[in-house]
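What follows is a set of notes on a single structure, which appears directly below.
Protein chains: 2
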Amino acid sequence: MYSSELIKGTLKTIVLKLLSDNQKMYGYEITQKVKDLTGDKIQLTEGALYPALHSLEAEGILSTEVVNIGKRVRKYYTLTKKGKTTSEEKVSEFSDFINTMKFLLDIKPQVG
Amino acid sequence: MYSSELIKGTLKTIVLKLLSDNQKMYGYEITQKVKDLTGDKIQLTEGALYPALHSLEAEGILSTEVVNIGKRVRKYYTLTKKGKTTSEEKVSEFSDFINTMKFLLDIKPQVG
DNA sequence: ATTATATGCATAATACTCTTATGTATTATT
DNA sequence: AATAATACATAAGAGTATTATGCATATAAT
Numbered sequence: 000m001y002s003s004e005l006i007k008g009t010l011k012t013i014v015l016k017l018l019s020d021n022q023k024m025y026g027y028e029i030t031q032k033v034k035d036l037t038g039d040k041i042q043l044t045e046g047a048l049y050p051a052l053h054s055l056e057a058e059g060i061l062s063t064e065v066v067n068i069g070k071r072v073r074k075y076y077t078l079t080k081k082g083k084t085t086s087e088e089k090v091s092e093f094s095d096f097i098n099t100m101k102f103l104l105d106i107k108p109q110v111g
Numbered sequence: 000m001y002s003s004e005l006i007k008g009t010l011k012t013i014v015l016k017l018l019s020d021n022q023k024m025y026g027y028e029i030t031q032k033v034k035d036l037t038g039d040k041i042q043l044t045e046g047a048l049y050p051a052l053h054s055l056e057a058e059g060i061l062s063t064e065v066v067n068i069g070k071r072v073r074k075y076y077t078l079t080k081k082g083k084t085t086s087e088e089k090v091s092e093f094s095d096f097i098n099t100m101k102f103l104l105d106i107k108p109q110v111g
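Each protein sequence line maps, in turn, to chains A and B. Per numbering that gives the first Met the number 0, residue 0 is the first one in the first sequence, and the count goes up by one each step. Per numbering that gives the first Met the number 0, residue 0 is the first one in the second sequence, and the count goes up by one each step.
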């Protein structure tokens, strides 16, 4: 696991990217996907994720659809049109940020 | 400028890296150096920087030396032995984090 | 059968860090 | 003479994450 402060500010970017790849996901699924894809290095907590999802929905970036699975409820999130744009912008901004940080921290690409 | 949440959590890493390269710097100098090196893309604010420096000093990561420049005061910060280790760890952790995020966000190295 | 784990949502108290604003003071520039 | 730059510092407020808690169903393990 990374120190928590490192991951700060990247939560929304991660969520938006996953949703642009997967069209439709629910909260718990997002936490598991991130855990899997990062080999447990990034584990989103519910206390951070759910408020973030709610805020993205309030901003009109995500829309929701509630589905009943047996007696349990699942809330699927989908990117709105605005959300698709936002997702691309966020990823692109982060990509730029990575380059700036690599330069600033003098991080070389590992050879081999 | 990047959106502020993007830069969150990177402040200490940036400061420690600069100090490992420059041996001895003062607060204002750090803000200018970062501004210069990033082409104004990252601008540290005093309200964030000074408390961070104080906290790093309290942790024994930085030591200070106050120098009088005419009638003005400058507070130079230097990495302690512990600080040198911390600096390397932080940069290395961030480097690892970048790789994880590049994979997660499917960011390709730009060719050309 | 019963207990523990996993799935699935949500929020509240707390802590932490950054933004923004303010304060003080010296030095350089217009 | 006024403004900008240099140089420190802190305080109020905002925002976001951590940690803890709560509720409930479903599945796996003992």
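All C-beta atoms, glycine included, are put in the ideal place defined by N, C-alpha and C.
Confirm, please, whether the CB-CB distance from residue j to residue i is below 8 Å.
i, j, result
"A:K16", "A:S94", "no"
"B:T99", "A:I29", "no"
"A:T37", "A:L61", "no"
"A:E64", "A:T44", "no"
"B:K11", "B:L55", "yes"
"B:G26", "B:K74", "yes"
"A:I97", "B:I106", "yes"
"A:I13", "B:L103", "yes"
"A:S3", "B:E92", "no"
"A:G59", "A:K83", "no"
Looking at chain B, is there any beta carbon in it that lies within less than 8 Å of the beta carbon of residue i?
i, result
"A:E28", "no"
"A:V90", "yes"
"A:P36", "According to the sequence provided, residue 36 of chain A is Leu. The question's Pro does not apply to it. Taking Cβ atoms only, chain B reaches closer than 8 Å to A:L36, which makes this a yes."
"A:E1", "Looking at the sequence provided, one finds Tyr at residue 1 of chain A rather than Glu. Yes, its Cβ sits closer than 8 Å to a Cβ of chain B."
"A:S86", "no"
"A:K23", "no"
"A:T99", "yes"
"A:V94", "For the record, residue 94 of chain A in the displayed sequence is Ser; it is not Val. Answer yes: the Cβ-Cβ gap between A:S94 and chain B drops below 8 Å somewhere."
Along the chain, where does the alpha helix (DSSP H) that runs through residue i open and close?
i, result
"A:K107", "No alpha helix (DSSP H) holds A:K107; DSSP gives it neither H nor E."
"A:I29", "26–36"
"B:L18", "10–21"
"B:E56", "45–57"
"A:S3", "3–6"
How is the beta strand (DSSP E) around residue i delimited, first residue to last?
i, result
"A:Y76", "71–78"
Spell out whether any CB of chain A is found under 8 Å from the CB atom of residue i.
i, result
"B:T9", "yes"
"B:K40", "yes"
"B:L103", "yes"
"B:L43", "no"
"B:L5", "yes"
Provide the residue(s) that pair with residue i in DSSP beta bridges, ordered along the chain.
i, result
"B:I68", "B:R71"
"B:S91", "In DSSP, B:S91 forms no bridge with anything."
"A:T63", "A:Y76"
(message) Under 8 Å, CB to CB, which of the residues in the stretch 57–82 of chain A have a partner in chain B?
(response) Those residues of the stretch 57–82 of chain A that come within reach of chain B (Cβ to Cβ, closer than 8 Å) do not exist; the list is empty.
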